[in-house]
Ligand SMILES: [Mn+2]
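In UniProt numbering, the protein residues as written are 1 to 306.
This is the structure we're talking about:
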């Protein structure tokens with residue numbers, strides 16, 4: 001591929017022909033990161049990213065003119081979606097995807113061709129639900145609980161790491177094991193697998209209640225460090241435990257997705273050793289960029305799996 005600026009190029013991705021445009025367009029002006037580099041990142045990281053997207057309806061945030069331009073959320077597969085892209089129809093009535101009558105037709109990003117198609121649309125951020133769909137596209141119960149740790153200034157990743165250890169213990173007391181992921185923005189996400197079917201299976205309201213109970217218990221035990229309340233005014237110096245992303249209508253940035261922030265940071269899985277170090281040492285943790293994440297993956301693979 002060696003196109004002139006503004007041109008289009010045909011690429012073959014696993015047998016699908018895709019038209020890629022504007023490879024030289026700068027999407028992150030602060031770092032000069034181009035769309036070509038974003039496509040390269042997504043292609044390189046796909047072996048570890050795709051398993052996190054598999055069977056999940058994906059909401060995208062697109063920045064067609066780069067991160068200093070305007071962005072928009074997209075749930076439905078847009079006009080012009082290639083016929084080979086897997087889509088699933090999800091009812092918007094009841095608790096599954098919020099209020100309103102009707103349906104949404106989400107793409108599911110199960111392969112590199114679909115991922116490349118999305119990256120070409122400047123869909124920098126890929127957000128997924130906590131539930132998956134079955135082979136027929138029918139939504140199942142959630143297969144994980146997520147707790148989003150949002151620091152209120154002057155709290156930062158150091159405080160998030162301290163609170164993450166508390167959440168880990170609180171979940172362990174309920175026989176749940178969680179995995180830490182840098183959000184790529186300001187905080188950390190913790191994911192704990194739960195059974196999607198059979199004994200102990202919970203619907204989205206059930207996992208939301210579970211996460212809320214954990215957040216409120218920790219707020220009670222550590223009122224100077226933790227809040228379970230959304231209100232920004234109640235958060236200075238504390239870490240907000242956002243339990244609400246377990247709602248059937250909500251999504252969380254996928255591990256290994258880029259963020260549409262000033263620099264091309266990534267939602268990057270961490271090891272618990274790294275979180276423990278971050279809880280001790282104020283400077284140990286920082287959000288990671290796409291280049292740093294590719295180096296980590298080459299060296300360590302997907303630490304989320306560990
Ligand atoms: Mn957050």
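Just so it is clear, CB atoms sit at the ideal spot from N, CA and C, and this is done for glycine as well.
Among the residues of its own chain, which have a CB less than 8 Å from the CB of residue i, if the five just before and after it don't count?
| i | result |
| --- | --- |
| residue 165 | 275, 276 and 279 |
| residue 219 | 226, 227, 228, 229 and 241 |
| residue 34 | 23, 24, 25, 26 and 27 |
Flag this pair as yes or no: are the beta carbons of residue i and residue j separated by less than 8 Å?
| i | j | result |
| --- | --- | --- |
| residue 150 | residue 239 | yes |
| residue 7 | residue 260 | no |
| residue 244 | residue 128 | no |
| residue 38 | residue 119 | yes |
| residue 102 | residue 87 | no |
| residue 42 | residue 115 | yes |
| residue 156 | residue 237 | no |
| residue 163 | residue 178 | no |
| residue 252 | residue 189 | yes |
| residue 282 | residue 158 | yes |
| residue 106 | residue 48 | no |
Among the candidates the options, whose CA atom is the shortest distance from the CA of residue i?
| i | options | result |
| --- | --- | --- |
| residue 184 | 295, 267, 86 and 298 | 267 |
| residue 193 | 296, 25 and 145 | 145 |
| residue 199 | 135, 299 and 143 | 143 |
| residue 56 | 176, 273, 132 and 237 | 132 |
| residue 300 | 45, 37 and 16 | 45 |
| residue 90 | 80, 75 and 148 | 75 |
| residue 207 | 141, 28, 60 and 269 | 141 |
| residue 222 | 263, 170, 11 and 197 | 170 |
| residue 66 | 28, 176 and 42 | 28 |
| residue 61 | 215, 159 and 78 | 78 |
| residue 213 | 68, 246, 80 and 288 | 246 |
| residue 270 | 182, 224 and 262 | 182 |
| residue 201 | 176, 217 and 215 | 176 |
| residue 302 | 34, 9, 51 and 31 | 51 |
| residue 286 | 263, 305, 304 and 297 | 263 |
| residue 174 | 231, 80, 211 and 59 | 211 |
| residue 224 | 284, 154, 69 and 209 | 154 |
For residue i, which residues of its own chain have a beta-carbon under 7 Å away from its beta-carbon, when the five flanking residues on both sides are left out?
| i | result |
| --- | --- |
| residue 117 | 18, 82 and 85 |
| residue 172 | none |
| residue 265 | 184, 259, 287, 288 and 289 |
| residue 272 | 180 |
| residue 139 | 90, 96, 131 and 133 |
| residue 32 | 26 |
| residue 104 | 75, 76, 90, 92 and 97 |
Taking the straight line between their C-alpha atoms, what separation do you get for residue i and residue j?
| i | j | result |
| --- | --- | --- |
| residue 235 | residue 125 | 26 Å |
| residue 191 | residue 13 | 31 Å |
| residue 226 | residue 36 | 41 Å |
| residue 257 | residue 23 | 19 Å |
| residue 161 | residue 109 | 31 Å |
| residue 328 | residue 26 | The requested residue 328 does not occur in the structure, where the chain is confined to residues 1 to 306. |
| residue 205 | residue 148 | 17 Å |
| residue 289 | residue 217 | 34 Å |
| residue 180 | residue 10 | 38 Å |
| residue 137 | residue 203 | 17 Å |
| residue 54 | residue 305 | 15 Å |
| residue 16 | residue 80 | 15 Å |
| residue 231 | residue 186 | 17 Å |
| residue 21 | residue 215 | 45 Å |
| residue 30 | residue 123 | 18 Å |
| residue 195 | residue 135 | 17 Å |
| residue 69 | residue 40 | 22 Å |
| residue 297 | residue 291 | 10 Å |
| residue 209 | residue 284 | 33 Å |
Report all residues from its chain with a CB closer than 6 Å to the CB of residue i; omit the five preceding and five following residues, and keep chain order.
| i | result |
| --- | --- |
| residue 73 | 61 |
| residue 197 | none |
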